[in-house]
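Read through the structure below, which is laid out as structure tokens, and then see the notes.
Number of protein chains: 2
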Amino acid sequence: MNVLEKARQMLKAKAVRPTIIRVRLLAYLLTHPVHPTAEQIYQALLPEFPTLSKTSVYNTLDKMLEVKLVRLITIDEKETRYDAGTAVHGHFFCKFCRKITDFAANPDYTGCQELSGYEITECNVYLTGICKACLQKINKSQEEEKAV
Amino acid sequence: MNVLEKARQMLKAKAVRPTIIRVRLLAYLLTHPVHPTAEQIYQALLPEFPTLSKTSVYNTLDKMLEVKLVRLITIDEKETRYDAGTAVHGHFFCKFCRKITDFAANPDYTGCQELSGYEITECNVYLTGICKACLQKINKSQEEEKAV
DNA sequence: TACAATATTGTAACCATTACAATTTTATCT
DNA sequence: AGATAAAATTGTAATGGTTACAATATTGTA
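From first to last, the protein sequence lines are chains A and B. For the first sequence, the working numbering begins at 85 and goes up steadily by one. For the second sequence, the working numbering begins at 85 and goes up steadily by one.
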């Protein structure tokens, strides 16, 4: 089954009408698990739907957030990112390249006193710092400075 | 030692010049650990500093973020919140009243394979859902509907 | 006091996101 | 298939948090 059919099935299972735009947008998220912004999604779909509007992207994402086919990632305070991954995992945000990396994380806070009686619907673990690649770049440029 | 003196000491320790506005703003955060927004901080300090500008609030917060006297909380995608608490803890965000509750959380991801070689400077655990008080309100209003 | 560095202010711009009314598409019924 | 109503999509304009930047004020030091 290709990814379009898969996206269609996922939408149907959540009783969301599988319109072309919704199917393609969800398929895009499934095949591009890089936590894109609304703008990136818009730009990616534009060639295929020249009349696509930014509002439609936001509407579609809101719909999918409602039924939990998509998760919000607010680790980057500049813009919101979206993730179609269903498995719970943590997100690492590099301050230099602004890329987000997934990592295994499934914390259990059911026994937490402060939250007894609370209804928890979403869980996000965010780490911020500098990724390996950027660290290497930084070290390299420092060495070059020394050499001069 | 009162909170103003404490704020002054904290700023000095980080080599940030303890100007009146910085001291008062930090003292406000220390005495109001409710994760206020920039707007709320601005409104709270305005009576004392009638000429205070929003830009100064942002500048001051940026300065304190740099030296880690303050942490960013991005759990609410609508606006950024600020927290002067130094101890690591998680944040619960209620979708109804938009209040943020602290809870104990100190996850250890030093052994995480995906992040080996990464430099981690910040860690945030965000839970979203409905708080106890809002759940009770919802239940109550549902009962009233039934009664009618 | 005078000077240089730093902090604060005010205004205007930026830009992601949302509101809303108009248009188009879709599902259903005849 | 054609008609109709509901739902989806679009375009435009507004909203509002945040930032850029130049002007002004304050601070520390000689």
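Each residue gets a CB set at the ideal place from its N, CA and C atoms; glycine is no exception.
Stretch-stretch touch, CB-based, cutoff 8 Å, three pairs: the region 127-144 of chain B with the region 93-112 of chain B: yes
For chain B, check one thing: does any of its Cβ atoms lie closer than 9 Å to the Cβ of Cys181 (chain A)? Counting from 1 along the first sequence, the entry for residue 181 (chain A) is found at position 97. By this cut-off, Cys181 (chain A) is not an interface position.
Just checking: is the beta-carbon of Ile159 (chain A) within a distance shorter than 9 Å of some beta-carbon in chain B? The residue labelled residue 159 (chain A) in the question sits at position 75 within the first sequence. True, the Cβ-Cβ gap to chain B drops below 9 Å.
Short check: CB of Cys196 (chain A) to CB of Ala171 (chain B), under 9 Å? Within the first sequence, residue 196 (chain A) is the residue found at index 112, counting from 1. Within the second sequence, residue 171 (chain B) is the residue found at index 87, counting from 1. Result no, Cβ atoms of Cys196 (chain A) and Ala171 (chain B) do not sit closer than 9 Å.
Ranges of the beta strand (DSSP E) found wholly within the region 167-207 of chain B, counting only runs of at least 3: 173-178, 184-188
Taking only beta-carbon atoms, is Leu88 (chain B) less than 9 Å away from chain A? Residue numbering aside, residue 88 (chain B) sits at position 4 when the second sequence is read from its first letter. Taking Cβ atoms only, chain A never reaches closer than 9 Å to Leu88 (chain B), which makes this a no.
Runs of 4 residues minimum, wholly inside the region 136-160 of chain A: which ones carry the alpha helix (DSSP H) assignment? 138-150
I'd like to know if Gln197 (chain B) contacts chain A, where contact means its C-beta is closer than 9 Å to some C-beta of that chain. By 1-based counting over the second sequence, the position of residue 197 (chain B) is 113. So yes, Gln197 (chain B) belongs to the interface.
Name the chain B residues whose beta carbon is nearer than 7 Å to that of Pro191 (chain A)? Your numbering for residue 191 (chain A) matches position 107 in the first sequence. By Cβ distance, chain B contributes Pro191, Val209.
What would DSSP say about Arg101 (chain A), mapped onto helix, strand or coil? Along the first sequence, one-based indexing puts residue 101 (chain A) at 17. Coil at Arg101 (chain A), not helix or strand.
Alpha carbon to alpha carbon, how far is Lys152 (chain A) from Lys90 (chain B)? Give it in angstroms, no decimals. Taking the second sequence and counting its residues from 1, one reaches residue 90 (chain B) at position 6. Taking the first sequence and counting its residues from 1, one reaches residue 152 (chain A) at position 68. C-alpha separation (whole angstroms): 45 Å.
Considering only DSSP beta bridges, list what Val209 (chain A) is partnered with. In the first sequence, the residue the question calls residue 209 (chain A) occupies position 125. B:Val209, per the DSSP bridge assignment.
Backbone CA spacing between Leu110 (chain A) and Asp167 (chain A) [nearest angstrom]: Translated into the one-based positions of the first sequence, residue 110 (chain A) becomes position 26. Translated into the one-based positions of the first sequence, residue 167 (chain A) becomes position 83. If I take the Cα positions, the gap works out to 10 Å.
Any 3 or more C-beta pairs closer than 8 Å across the region 115-124 of chain A and the region 155-164 of chain A: yes
State yes or no: is the beta carbon of Tyr166 (chain A) nearer than 9 Å to at least one beta carbon in chain B? Here the question's residue 166 (chain A) lines up with position 82 in the first sequence. Taking Cβ atoms only, chain B never reaches closer than 9 Å to Tyr166 (chain A), which makes this a no.
Is it the case that the Cβ atoms of Phe180 (chain B) and Cys218 (chain B) are separated by a distance below 9 Å? Position 96 of the second sequence, counted from the first residue, corresponds to residue 180 (chain B). Position 134 of the second sequence, counted from the first residue, corresponds to residue 218 (chain B). Yes, the pair counts as a contact, with Cβ atoms nearer than the cut-off.
Ordered along the chain, which non-local residues of its own chain (more than five positions away) have a Cβ less than 6 Å from that of Cys215 (chain A)? Sequence index remark: in the first sequence, residue 215 (chain A) carries index 131 (1-based). Contacts found: Cys178.
Chain B contact residues for Lys216 (chain A), given Cβ-Cβ distances below 7 Å: Mapped onto the first sequence, residue 216 (chain A) falls at position 132. Chain B residues near Lys216 (chain A): Gly201, Tyr202.
Under 7 Å by beta carbon: chain B residues contacting Leu156 (chain A): For the purposes of this step, residue 156 (chain A) is taken as the residue at position 72 of the first sequence. In chain order: Glu161.
Quick one: is Leu219 (chain B) near chain A, going by C-beta distance under 9 Å? Walking along the second sequence from the start, residue 219 (chain B) turns up at place 135. Yes - at least one Cβ of chain A is within 9 Å of the one on Leu219 (chain B).
Applying a beta-carbon distance threshold of less than 9 Å, which residues of chain A neighbour Thr185 (chain B)? To locate residue 185 (chain B), count along the second sequence from 1; it is residue 101. Ordered by position in chain A, the residues that pass the 9 Å Cβ test against Thr185 (chain B) are Glu198, Leu199, Tyr202.
For Pro191 (chain B), which of A:Tyr112, A:Val209, A:Phe133, A:Tyr202 has the nearest alpha-carbon? By 1-based counting over the second sequence, the position of residue 191 (chain B) is 107. Here the closest residue by C-alpha is A:Val209.
Output, in chain order, the set of chain A residues within a Cβ distance shorter than 9 Å of Gly169 (chain B). In the second sequence, the residue the question calls residue 169 (chain B) occupies position 85. Within 9 Å Cβ-Cβ: nothing; Gly169 (chain B) doesn't reach chain A, min ~14 Å.
Closest residue to Glu198 (chain A) among B:Val100, B:Ala97, B:Thr185 (Cα-Cα distance): Walking along the first sequence from the start, residue 198 (chain A) turns up at place 114. Ranking B:Val100, B:Ala97, B:Thr185 by Cα distance to Glu198 (chain A) puts B:Thr185 first.
To the nearest angstrom, report how far apart Val100 (chain B) and Gly213 (chain A) are at their CA atoms. Counting from one through the second sequence, the residue named residue 100 (chain B) turns up at place 16. Counting from one through the first sequence, the residue named residue 213 (chain A) turns up at place 129. The alpha-carbon atoms of Val100 (chain B) and Gly213 (chain A) are separated by roughly 23 Å.
If Phe187 (chain A) and Gly169 (chain A) are in contact, beta carbons under 8 Å, what's the gap, nearest whole angstrom? Along the first sequence, read from residue 1 onward, the residue named residue 187 (chain A) stands at position 103. Along the first sequence, read from residue 1 onward, the residue named residue 169 (chain A) stands at position 85. So it is not a contact: roughly 12 Å between Cβ atoms.
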